[in-house]
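Residue numbers (my numbering), protein chains in the order written: chain A, 935 to 1290; chain B, 78 to 433.
The beta carbon of each residue, even a glycine, is placed where N, CA and C say it ideally should be.
Since the structure is predicted, the reported quantities are computational estimates derived from the model, not experimental observations.
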Amino acid sequence: MADVSLKEIRKSYGAVDVIKGVDIDIKDGEFCVFVGPSGCGKSTLLRMIAGLEDISGGTLSIGGRVVNDITPKERGVGMVFQSYAIFPHMTVRENIAFGLTISGASRAEKDAKVQDAARILQMEHLLDRRPSQLSGGQRQRVAIGRAIVRKPNVFLFDEPLSNLDAALRMDMRMEIGKLHRQLDATMIYVTHDQVEAMTLADKIVVLKEGHVMQIGAPMDLYHNPENLFVAGFLGAPSMNFLTVDVLDVQGQEAKVAHPAMDPVVLNTKGRAIIKGSHAVMGLRPQYLSADGKGAGLVEGKVVVAERLGSETVADLVLRDGTNLMATFSEDRVFTPDQAVALRFDPAAAHLFPPEG
Amino acid sequence: MSSKLTTSNRAGWAFAAPGIVLIATFIIVPFFFAFALSLTNQRLISPNPTQYVGLQNYRDMLSLSVLQLAPERDAAGQILRDADGTPSYPRVRDITRNPDFPQYRGMREWFRVHLGDTAHVVIARDVVFMKALVNTVTFVLVVAPVQGGLALILALLVNQKLRGITVFRAVYFMPVVVSIVVVSLLWRFIYSPDGGLLNNLLSGLTFGAFQPVNWLGNPDTALPAIMGMSIWQAVGFHMVIWLSGLQTISPTLYEAAEIEGASKWQTFRYVTWPGLRHTAVLVLIVITMQAFALFAQIDVMTRGGPLDSTQTLVFQAVERGYGKQDISGGATISVVLFLIVLTISLVQRWLTRERA
Ligand SMILES: Nc1ncnc2c1ncn2[C@@H]1O[C@H](COP(=O)(O)OP(=O)(O)O)[C@@H](O)[C@H]1O
Ligand SMILES: [Mg+2]
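Below, the structure is given as structure tokens:
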């Protein structure tokens, strides 16, 4: 059993706090993705789980055992690095067998396990090459092979696809998903790419400046972001935000207005929305429609529109000068400066207290 | 290609020119000079015209022969022995000066080995050169591995991330920036037979049991003493080269090894040492060349003595060329030294070549 649990985990470099008290519970066999902008502390957190960084505070347990002070090997983790970190002077076979060589496995055992790993990763034909003779994707496969051959309980990935080009990234992403189903092991995966997070994860942890912003299943986070940060971070194009005036609050319902929008009633979901002050309304570009129904109505004009064939992305400017993105799931023709009125369902909109 | 190199590359040639001129003036031209001089009987100052003598200088320097001497016997055929039972042999001088053996004229005994009662006497035309050759080779064989290995150990020590580690780096490097002449003078005091630092230290450590040694005055200790001091003096230089090699090894490789559970020794064996391959070749070649050029220490500390136990090739080359005004003799030694160093570098390069 290899559930991973972080309790009040902290990390500081001297006086600088990088991880500021993080609680995460990852169940056995779960694919958990840490996502957040660059510098938010994802790698640091992962490296603490790996045992490459000391833990400044809190408790880390793997499989119910507190592992704060034990070596990476005893934690039973395998790790794949962004820069591959495969040994340049060893062949692919030697690289994959490295962990087994270190623990003094017999030749026959090594051969069998390397063969196994190579079959899973479809690179049996590459075993006798040297890393310099491999492409980026193949190198990353070798690194994954080295991690899986020891059958660790927990796999850690630190942005494993960031050095690959876009097409390869998609292939490898799918392979990693497949690998997870095949191995049925706990995986923790760090990325700054929200698409990777959305497609791979059973559970996403959104981080910002060393704090957890929200934890949940991908669709949970997509449809019910708890704060502005998560709302803006997940989804592409990202969510539109309009600063609105709160006209009235009745229990869970708030009536808000904006110069370019007719007043609408939104669900506050218990957030601190105060009558007479401002709030931020969030609305995904996909939930605006040109000819649909819905109680919400915004008016503006088109700045540019991109036709992608099956989809059209329009950049609008509203009457008061705010920008708004809208995407339509069909091919549509807009002329610049064309006036448009778009409708939306108030139930699809989110209302947040203003930031700060 | 060649036309491009010579015509359209003026700036390139201009930049290279100062270096080319310096190297040509002080290395290439003098080498051809030395080679030409070694085929003549040129003296530093001489009223006689210079004559071409072919390979005579090389013959004079390199001629070796072995005399097999049977012990002297009395009238009854019994071996004559002196008081402690050692047989007595004919004197070598009687053979080398005997007009019946013109081929041995001018040769002297270098050393002898006894096989049974027969003495095999190796005689050389130029015994001092032979001693210099053996001393130089011994010096290289001891200094190259010891200095290289010690430098690597120091580099590994000062490569750690510790507070104040730069102080140690500076301290180990300090002897390198001090002139070798000054260092040699200082070490003459250290090795001094009466009140020298080393004797005092050793007698202190052994509570007075240690008998003072005349380090530089004893033929058995003079060369080892110079080796010790030479190793100490330049070890910091090679430490810095190793250090730069160490720092080219990616830290993630160490992390990957740590995750796989490699011990300190395994990390060195599988990550550090393979990563230092090119540095090792460089260090080995540089130390070998420097060791072959051993001169200043000898000149300051022993001037080749006692009993020629610290003669070296370069010291002899200078001694002959300028001390004895025998320029052609000095040049001949230089050419021989050049050929030795060239051969060794080529062999080292071949041994440490990149295997596909
Ligand atoms: N060794 C270190 N010393 C000081 N600060 C560090 C160190 N390593 C990382 N940091 C800081 O910690 C923060 C988080 O870094 P990191 O975990 O690498 O972010 P990312 O989310 O991009 O992976 C960054 O602001 C970085 O500057
Ligand atoms: Mg990172």
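Using a Cβ-Cβ cut-off of 7 Å, G338 of chain B counts as an interface residue toward chain A, since at least one Cβ of chain A sits closer than that to its own.
Of the other Cβ atoms in all chains shown, 16 or more fall within 10 Å of the Cβ of I1149 of chain A; this residue is therefore buried. Taking a beta-carbon distance threshold of 7 Å, I1036 of chain A counts as an interface residue toward chain B.
Counting only the Cα atoms, G226 of chain B lies some 32 Å from S1040 of chain A. Of all alpha-carbon atoms in A:P1197, A:N1029, A:K976, the one lying nearest the alpha-carbon of Y347 of chain B is that of A:N1029. Applying a distance threshold of 5 Å between residue Cβ atoms and the heavy atoms of ligand 1 selects A:Y947, A:V952, A:S972, A:G973, A:C974, A:G975, A:K976, A:S977, A:T978, given in chain order. Here T173 of chain B is buried. Its C-beta has 16 or more other C-beta atoms within 10 Å. Cα atoms of A94 of chain B and V950 of chain A: separation of roughly 53 Å, rounded to the nearest angstrom.
Taken in chain order, the unbroken stretches of beta strand (DSSP E) that lie wholly in the stretch 1167-1245 of chain A and span 3 residues or more are 1174-1184, 1187-1192, 1195-1201, 1212-1217, 1230-1241. In the DSSP annotation of this structure, the continuous segment of the alpha helix (DSSP H) that includes A408 of chain B starts and ends at 404-428. Listed along the chain, the chain B residues whose CB falls inside 7 Å of the CB of L986 of chain A are E332, E335. The C-alpha of A936 of chain A is placed about 6 Å away from the C-alpha of I996 of chain A. Taking a 10 Å sphere around the C-beta of N212 of chain B, we find 16 or more other C-beta atoms and assign the residue as buried. Against P351 of chain B, the close residues of chain A are F1021, P1022, H1023, M1024, in the order they occur along the chain (beta-carbon pairs closer than 9 Å). Comparing alpha-carbon positions, the option among A:R1084, A:H1212, A:G1079, A:H1126 lying closest to E1109 of chain A turns out to be A:G1079.
Nearest to N134 of chain B by alpha-carbon distance, out of B:L210, B:R202, B:G338, B:N291, is B:R202. Residue range 991-996 is occupied by the beta strand (DSSP E) that includes S995 of chain A.
Every unbroken stretch of the alpha helix (DSSP H) spanning 4 or more residues and falling wholly within the stretch 1101-1149 of chain A is given here in chain order: 1128-1134.
Note on geometry: alpha-carbon atoms of F1015 of chain A and Q374 of chain B lie some 51 Å from one another. At a cut-off of 7 Å between beta-carbon atoms, T379 of chain B makes no contact with chain A. Distance from the Cα of L320 of chain B is smallest, within the candidate group B:A299, B:P252, B:L231, for B:L231. Rounded to the nearest whole angstrom, the C-alpha separation of L99 of chain B and L371 of chain B is 23 Å.
For Y947 of chain A, the enclosing beta strand (DSSP E) has its first and last residue at 938-947. Sequence-ordered contacts of the stretch 1200-1219 of chain A with chain B are nonexistent [C-beta pairs closer than 9 Å]. Within the stretch 336-382 of chain B, complete beta strand (DSSP E) segments of at least 3 residues are not found at all.
Within a 10 Å sphere around the beta-carbon of S946 of chain A sit fewer than 16 other beta-carbons, which makes this residue exposed.
Taking C-beta atoms as the reference points, G1070 of chain A and L1095 of chain A fail to come closer than 7 Å.
Chain B has no Cβ within less than 7 Å of the Cβ of M1106 of chain A. Neighbours of F968 of chain A in chain B, taken as residues whose beta carbon is under 9 Å from its own, are absent, since the nearest beta carbon is some 18 Å off. When secondary structure is reduced to three states using DSSP, D1092 of chain A falls in the strand class.
A:L1285 is the residue among A:A1165, A:T1261, A:L1285, A:S990 whose C-alpha sits nearest the C-alpha of E1187 of chain A. Within the same chain, T1025 come within 7 Å of R1064 of chain A by CB-CB distance, once the 5 residues on both sides are set aside.
Neighbours of T329 of chain B in chain A, taken as residues at a C-beta separation under 7 Å, are given in chain order as F1015, S1017, A1019.
Taking a Cβ-Cβ threshold of 8 Å, none of the residues of chain B is close to F1089 of chain A; the smallest such distance is about 11 Å. Inter-segment contact for the stretch 237-251 of chain B and the stretch 309-320 of chain B is present: three or more beta-carbon pairs are separated by less than 8 Å. Inclusion of L1141 of chain A and C974 of chain A in the CB contact set at 7 Å is warranted, their separation being smaller than that value.
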